[in-house]
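Remarks on the structure that follows.
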Amino acid sequence: MKSLTRTPRRGVAAGLAGALVAGAFAGLAAAPAQAAPATGALTWNISEQFVSHLSNRTLSGGATFDQTAERFTFPAKAVTAADGVVTTSFRGSVEGAFAMGGTEYYAVTVANPVVEVDADGSGEVRATVSARNAAAMGNPAGQTEPAEVTVAEFDASTVSGGTTTITPKWEGVLAAGSEQALALGITNTARPVDGKSFHPDFLGQLTSGVRAHFYFSTGGDHKRPGDLSFNAVKAAPSVTASVVAASPAKGVTVRVQGRNFDPRSHEGAMGVYAVLAPADSVIDYANWDSVETMAAAAWIGGPGDGAPHGDIVDGAFDVRLDAKTSDLVSGQRYAVFTWAAHVRGDNASQDTKTLVNIDWSKLKKASKVNLKVTKKATRKKAGKATITVPGKPKATGKVKVTLKIPGQKKARTVTVKLNKQGKATVKLVKAKKKGQYRVTAQYTGDKNWKASKKVAKFRVKK
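With mature numbering (1 follows the signal peptide of the UniProt record, and there is no 0) as the guide, the letters of the sequence shown map in order to residues -35 to -1, 1 to 427.
Structure follows, in structure tokens:
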């Protein structure tokens, strides 16, 4: 394969060569895309009932409680974005228990909240939940093992001043007297009143002795899931890469779509590079020659950068990478790499690695088998046939040669291997009778060439 700096590819070398002198890169291996570490926090009371009634608190994992605001804080952990959905996870655990006279009657633990927001602003709040209750107040002792469940859903979210605010659903969540309500042990068909409830999955993760504190029974709206807010954290860059065209003559075209990229990710940054290279490539960002097996590349810039492959707009880009068949190694695993242009330094925030699924069969050339009976078989002597599969690169693999003898139903078959020149010879057995003999050479193909066949005939007259 050719280095980007040594090939005259228009739109690749021309667009990038001048940019490379803008600064040096740090020699680091490209890293796969993954959840980006996040800063910020989630502020939430879970519910007024949780704060006021389950007031014996145990906090861990970084969670804190503000006595004045009566809100828990869960530190941000990570954020991912895919298919229009932004998922922000938080860490920390809050246990709220009800105790009286030194005896604990029940407790609920809510840990590691996750907020998932769809493109339209709707979504859900999940958490790892467990509960326990003592044998008291007519309830048997019980407990549940921690499991992640949906705590609440929401129809909309608002973002202001870098903070996202959400009001979870309350009314109409769980219909009174429904099969779902009855399955949760809510036998009073008038409850939950107006369907006001935490999500049924959350109720199902609680023990029966504590469930009534999370839906409208005889109490008021203080049991509703509380509003929550969190600092808007930047989503990690993500890439989808797919082959949209492939042919032996033109190679492959890979469509690369990026989201959540920052063309000004650090001082000196001017967009990102996107390259197609073997998946096991180790990229020395200071030296393009290190990407010796690069097959295609693009520079996508920011506003006013004049990048030849377009700009990043609202964090997104959509480009095509065209790789010639001659610049690809058949069977090799390829990936699209991205990183900050032109000065990457130690800034890995725009680094991604996305595997590309290439159907190599679509890049195989049509082969042609040349079959020549160089010596006809006779009743006294064996014959010989020469097989050649021409072209570059030289064909490899095997050829199945079949000799059909007149008057015999079963043909004679032998398999030969092409030599380094794409040639093979085969011996034709002595003729047993006169008539027309048929030789078929079936080339099985290799990683570069499709299968093909050729038929030759010769006649034995006596």
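Where is the CB? At the ideal position from N, CA and C, for every residue including glycine.
In this chain, the alpha helix (DSSP H) harbouring ASP166 covers 165 to 169. A Cβ-Cβ distance of about 5 angstroms is found for the pair VAL80 and THR53, placing them in contact under the 8 angstroms criterion. Under the 8 angstroms Cβ criterion, the region 221 to 236 counts as touching the region 259 to 278, having at least three qualifying pairs. No Cβ-Cβ contact shorter than 9 angstroms links LEU7 with VAL73.
Taking a C-beta distance under 9 angstroms as the contact criterion, VAL204 and ARG285 do not qualify as a contact pair. Spatial neighbours of ALA360 in its own chain (CB-CB distance under 8 angstroms, excluding positions within 5 residues in sequence) are listed in chain order as SER332, VAL354, LEU383, GLY387, TYR408, ASP411, ASN413 and TRP414. Within a 10 Å sphere around the beta-carbon of ASN21 sit fewer than 16 other beta-carbons, which makes this residue exposed.
Of the other Cβ atoms in all chains shown, fewer than 16 fall within 10 Å of the Cβ of LYS385; this residue is therefore exposed. Counted as a single uninterrupted DSSP element, the stretch harbouring VAL294 is not any alpha helix (DSSP H), since DSSP gives it neither H nor E.
By the neighbour-count criterion, in which a residue is buried when 16 or more other Cβ atoms sit within 10 angstroms of its Cβ, ARG156 is buried. DSSP places ALA92 outside any alpha helix (DSSP H); the residue lies instead in the beta strand (DSSP E), whose first and last residues are 88 to 98. At a cut-off of 3 residues, the continuous stretches assigned as beta strand (DSSP E) that sit fully inside the region 39 to 71 are 50 to 55 and 58 to 65. Contact between VAL404 and LEU336 holds: CB atoms are separated by about 7 angstroms, below the 8 angstroms threshold.
THR154 counts as exposed, since fewer than 16 other C-beta atoms from the protein chains shown sit within 10 angstroms of its C-beta. Taking the Cα positions, TYR70 is about 8 angstroms away from ARG97. The criterion of a C-beta distance shorter than 9 angstroms is not satisfied by HIS307 and GLY223. By a beta-carbon distance limit of 8 angstroms, THR128 contacts ASN196. Their separation comes to about 6 angstroms.
With a threshold of 16 other beta carbon atoms within 10 Å, GLN373 falls short and is exposed. If you check the CB distance, ILE370 and ALA406 do not come in under 9 angstroms.
CA-to-CA, the gap between ASP287 and SER246 works out to about 18 angstroms.
TYR402 and ALA389 have their C-alpha atoms roughly 20 angstroms apart. The three-state secondary structure of TRP135, taken from DSSP, is coil. Looking from the CA of SER17, the closest CA among THR33, LYS340, PRO202 and SER291 belongs to THR33.
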